[in-house]
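J.: First to last, the sequence lines map onto chains R and L. The first sequence runs 146 to 423 under this note's numbering. The second sequence runs 659 to 907 under this note's numbering.
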Amino acid sequence: MKSRQRTKRKPLDLALAAVTYIAAGLTVAILLLLIGYVVIQGVPNLKLSMFSPRYTSENVSAFPAIVTTVELTLLSLIIAVPLGVCTAIYLTEYARRGNRVVGLIRITAETLSGIPSIVYGLFGMLFFVTALGWGFSLIAGALTLAIMILPLIMRTTEEALLSVPDSYREGSFGLGAGRLRTVFRIVLPAAVPGILSGVILAIGRIVGETAALIYTAGTAAEMPTLTGSARTLAVHMYTLSSEGLHTGEAYATAVILLVLVVGINALAAFSAKKLTRA
Amino acid sequence: MIKFDIQNLKLYYGDYQALKGIDLAIEEREITAFIGPSGCGKSTLLKSLNRMNDLVEGCRVVGKVLLDGEDIYGALDVTELRRRVGMVFQKPNPFPMSVYDNIAFGPRTHGITQKHKLDEIVETTLKNAAIWDELKDRLKKSAIALSGGQQQRLCIARALAVQPEVLLMDEPTSALDPISTGKIEELILDLKRRYSIVIVTHNMQQATRISDKTAFFLLGEVVEFDETENLFSAPRDKRTEDYITGRFG
Numbered sequence: 146m147k148s149r150q151r152t153k154r155k156p157l158d159l160a161l162a163a164v165t166y167i168a169a170g171l172t173v174a175i176l177l178l179l180i181g182y183v184v185i186q187g188v189p190n191l192k193l194s195m196f197s198p199r200y201t202s203e204n205v206s207a208f209p210a211i212v213t214t215v216e217l218t219l220l221s222l223i224i225a226v227p228l229g230v231c232t233a234i235y236l237t238e239y240a241r242r243g244n245r246v247v248g249l250i251r252i253t254a255e256t257l258s259g260i261p262s263i264v265y266g267l268f269g270m271l272f273f274v275t276a277l278g279w280g281f282s283l284i285a286g287a288l289t290l291a292i293m294i295l296p297l298i299m300r301t302t303e304e305a306l307l308s309v310p311d312s313y314r315e316g317s318f319g320l321g322a323g324r325l326r327t328v329f330r331i332v333l334p335a336a337v338p339g340i341l342s343g344v345i346l347a348i349g350r351i352v353g354e355t356a357a358l359i360y361t362a363g364t365a366a367e368m369p370t371l372t373g374s375a376r377t378l379a380v381h382m383y384t385l386s387s388e389g390l391h392t393g394e395a396y397a398t399a400v401i402l403l404v405l406v407v408g409i410n411a412l413a414a415f416s417a418k419k420l421t422r423a
Numbered sequence: 659m660i661k662f663d664i665q666n667l668k669l670y671y672g673d674y675q676a677l678k679g680i681d682l683a684i685e686e687r688e689i690t691a692f693i694g695p696s697g698c699g700k701s702t703l704l705k706s707l708n709r710m711n712d713l714v715e716g717c718r719v720v721g722k723v724l725l726d727g728e729d730i731y732g733a734l735d736v737t738e739l740r741r742r743v744g745m746v747f748q749k750p751n752p753f754p755m756s757v758y759d760n761i762a763f764g765p766r767t768h769g770i771t772q773k774h775k776l777d778e779i780v781e782t783t784l785k786n787a788a789i790w791d792e793l794k795d796r797l798k799k800s801a802i803a804l805s806g807g808q809q810q811r812l813c814i815a816r817a818l819a820v821q822p823e824v825l826l827m828d829e830p831t832s833a834l835d836p837i838s839t840g841k842i843e844e845l846i847l848d849l850k851r852r853y854s855i856v857i858v859t860h861n862m863q864q865a866t867r868i869s870d871k872t873a874f875f876l877l878g879e880v881v882e883f884d885e886t887e888n889l890f891s892a893p894r895d896k897r898t899e900d901y902i903t904g905r906f907g
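(1) Between the region 754 to 765 of chain L and chain R, which residues of the former have a C-beta closer than 8 Å to a C-beta of the latter?
(2) I need the boundaries of the alpha helix (DSSP H) containing threonine 872(L), first residue and last residue.
(3) Given 8 Å as the limit, is there contact between the region 260 to 267 of chain R and the region 329 to 339 of chain R, that is, 3 or more CB pairs closer than that?
(4) For the region 314 to 342 of chain R, which residues have a CB atom closer than 9 Å to at least one CB atom of chain L, in sequence order?
(5) Given a limit of 8 Å on CB to CB distance, which residues of the region 228 to 248 of chain R reach chain L?
(6) Below 7 Å CB to CB, which residues in the same chain sit around tyrosine 758(L) once its five sequence neighbours on both sides are set aside?
(7) With which residues is cysteine 231(R) paired in a DSSP beta bridge?
(8) Give the DSSP-derived three-state secondary structure of glutamine 988(L) in the structure shown.
(9) Under 9 Å, do threonine 218(R) and isoleucine 409(R) count as touching if we go by C-beta distance?
(10) Please tell me whether proline 310(R) has its Cβ less than 9 Å away from any Cβ of chain L.
(11) Runs of 4 residues minimum, wholly inside the region 281 to 337 of chain R: which ones carry the alpha helix (DSSP H) assignment?
(12) For lysine 147(R), name the three-state secondary structure that DSSP assigns.
(13) In the DSSP assignment, find the alpha helix (DSSP H) that holds cysteine 813(L) and state where it starts and stops.
(14) Kindly say whether lysine 147(R), judged by its beta-carbon, lies nearer than 9 Å to any beta-carbon of chain L.
(15) So with CB distances below 8 Å, who are the chain R contacts of lysine 749(L)?
(16) Which residues of chain R have a Cβ atom closer than 8 Å to the Cβ of methionine 862(L), listed in chain order?
(17) I need the boundaries of the beta strand (DSSP E) containing isoleucine 689(L), first residue and last residue.
(18) Thinking C-alpha only, which one of Leu176(R), Ala174(R), Pro156(R), Val188(R) is nearest alanine 399(R)?
(19) Near isoleucine 331(R), which residues of its chain fall below 6 Å by C-beta distance, leaving aside the five closest residues on each side in sequence?
(20) Cβ of alanine 676(L) within 9 Å of Cβ of glycine 699(L)?
(21) Whose CA, out of Thr370(R), Leu371(R), Leu358(R), lies closest to the CA of tyrosine 383(R)?
(22) Among residues of its own chain, excluding the 5 on either side of threonine 886(L), which ones have a beta-carbon nearer than 8 Å to its beta-carbon?
(23) State buried or exposed for threonine 767(L), treating a residue as buried only when at least 16 other CB atoms are found within 10 Å of its CB.
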């Protein structure tokens with residue numbers, strides 16, 4: 146039966162099927178090519194000296210940059226996630242439909258998510274670095290990136306909350322639970338997987354960001370302090386390759402970055418699993 | 659004893675009037691069935707008995723609903739009202755958590771936190787809902803993994819866990835197969851000994867099988883309210899007769 150169906154396929158069916166196969170194959174091929182290229186170029190250049198605790202122009206250590214990347218990511222998420230999630234909760238669970246403020250927040254968020262990161266960088270420089278007088282610093286960079294990922298966190302959380310069936314809310318209210326308990330005990334836990342996918346996207350943007358950081362956190366290759374300048378791996382890579390002296394090390398840094406991203410995402414997935422269990 | 663005394667209840671969704679002055683008395687420890695075509699207001703009336711309509715924007719209620727003589731739209735606290743008047747919905751809606759946590763959600767909401775007390779409540783309510791034997795080894799498993807019929811009985815148990823006096827059921831078997839439906843009907847008949855039950859149903863056989871009294875609704879009004887036997891064998895109103903003999907709806 147199955148084989149007969151296959152021979153009877155219409156030409157259009159066949160063409161559409163072919164297009165989807167080709168598209169999927171192409172996507173995988175490009176990704177593999179990219180990862181393969183970076184790994185082949187990078188791995189031979191990985192040296193133990195790249196992990197020495199202090200950066201010098203001889204060892205071009207990536208270690209301070211690794212620490213900076215992790216700290217900056219955590220810091221930005223700690224600022225942006227609670228704020229974004231709470232805003233989304235307000236928009237979906239508390240605000241009345243057709244509320245003017247809601248419309249305003251939505252339009253603002255949509256506009257903000259379309260702005261190139263360099264604009265955030267300039268804002269961060271003018272406001273945190275200059276106006277507040279913080280200078281190039283990890284905290285200025287983290288706040289700038291937090292603002293940058295806020296719309297993303299908000300929108301994905303909103304989508305996740307809206308996709309929680311109303312029957313859960315009804316069930317909870319029907320047992321006499323108030324809105325607070327319903328939101329935090331029933332709706333939010335059910336939305337965690339969706340919120341997490343937003344967080345992972347946000348991590349990707351933080352880890353890959355350079356433009357907004359060069360103007361706010363600066364490019365010092367030092368171990369990070371909250372008020373001092375520091376560079377993330379992406380900025381480190383940018384600096385190495387633009388200086389032109391350490392192209393091989395730049396590729397090696399890319400490999401480290403790749404591994405780090407996989408690690409951070411796995412950690413995020415793991416903690417979300419723990420969160421939903423609790 | 660009259661449990662719910664509904665007096666001239668009118669309900670509006672914005673400009674639309676969904677209930678046009680309902681007068682109805684619901685007896686204690688009886689099963690009262692609401693029947694009628696879609697959009698006749700039977701579910702709306704059910705939801706107004708534990709104020710689930712509060713959640714609908716633009717919903718306005720005029721008139722009185724007395725629970726043991728106390729106006730539920732007056733001084734009575736909504737949380738306390740919903741504890742005393744539980745609800746089971748059309749589609750089984752267990753929370754995405756364990757069987758145990760589903761049952762314990764209500765008691766925890768009303769301030770019970772000691773583990774041994776919760777353990778006891780979970781066991782007795784599951785026994786009352788005749789589902790203990792099926793679930794006693796799966797208390798820590800997710801409730802979402804249960805079959806549709808088990809989910810619905812779990813939802814009934816969840817409603818019973820806060821020791822309500824009345825159970826409102828909104829077409830509780832319409833999403834279930836005949837065997838699960840049979841089990842739930844048995845359970846409802848058993849629960850009648852301790853609870854007052856109001857059930858909305860599209861299934862007239864179901865109404866005749868389990869209910870003591872039946873109210874027939876049409877266009878936001880109660881056309882006829884009587885002992886189920888009388889209503890189905892000798893309807894006084896022509897419209898009731900047309901409906902139960904299948905001439906419309």
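Note that beta-carbon positions come from the ideal geometry of N, C-alpha and C, so glycine has one too.
T.: Inspection of the coordinates gives the following:
(1) Only Pro754, Met755, Phe763, Gly764 from the region 754 to 765 of chain L bring a Cβ to less than 8 Å from some Cβ of chain R.
(2) Looking at the DSSP string, threonine 872(L) is not in any alpha helix (DSSP H); the run it does join, the beta strand (DSSP E), is 871 to 876.
(3) Cβ pair count under 8 Å is below three, so no.
(4) Those residues of the region 314 to 342 of chain R that come within reach of chain L (Cβ to Cβ, closer than 9 Å) are Arg314, Glu315, Gly316, Ser317, Phe318, Gly319, Leu320, Gly321, Ala322, Gly323, Arg326, Arg330, Ile331, Pro334, Ala335.
(5) Identification of residues in the region 228 to 248 of chain R having a C-beta nearer than 8 Å to some C-beta of chain L yields Arg241, Arg242, given in sequence order.
(6) Only residues of its own chain outside the window of five on either side were considered, and among them Val780, Leu797, Lys798 have a CB closer than 7 Å to the CB of tyrosine 758(L), listed in chain order.
(7) Answer is none; cysteine 231(R) lacks a bridge partner.
(8) The structure shown does not extend to residue 988(L), since chain L is modelled only from 659 to 907, so the question has no answer here.
(9) With contacts defined as CB atoms closer than 9 Å, threonine 218(R) and isoleucine 409(R) qualify as a contacting pair.
(10) So, interface residue.
(11) Counting only runs of 4 or more residues that sit fully inside the region 281 to 337 of chain R, the alpha helix (DSSP H) segments are 283 to 307, 311 to 319, in chain order.
(12) Any answer about lysine 147(R) is weak, because its pLDDT of 48 lies below 50 and its placement is not dependable; what the coordinates show is given next. Helix, per DSSP.
(13) Counting along the chain, the alpha helix (DSSP H) containing cysteine 813(L) begins and ends at 806 to 818.
(14) Residue placement at lysine 147(R) cannot be trusted, given a pLDDT of 48 that sits under 50; what the coordinates show is reported in the next sentence. No Cβ of chain L is located within less than 9 Å of the beta carbon of lysine 147(R).
(15) Ordered by position in chain R, the residues that pass the 8 Å Cβ test against lysine 749(L) are Ser312.
(16) What methionine 862(L) touches in chain R: nothing, since even the nearest Cβ is about 26 Å away.
(17) Taken as a continuous stretch (DSSP letters only), the beta strand (DSSP E) holding isoleucine 689(L) covers 689 to 693.
(18) The residue with the shortest Cα to Cα distance from alanine 399(R) is Val188(R).
(19) Around isoleucine 331(R): Tyr313, Ser317.
(20) Result yes, Cβ atoms of alanine 676(L) and glycine 699(L) sit closer than 9 Å.
(21) Of the listed residues, the one whose Cα sits closest to tyrosine 383(R) is Leu358(R).
(22) A distance below 8 Å between beta-carbons, with the five flanking residues on each side excluded, links threonine 886(L) to the following residues of its chain, in chain order: Ala691, Ala865, Thr866, Ser869, Asp870, Lys871, Thr872.
(23) Threonine 767(L) counts as buried, since no fewer than 16 other beta carbons sit within 10 angstroms of its beta carbon.
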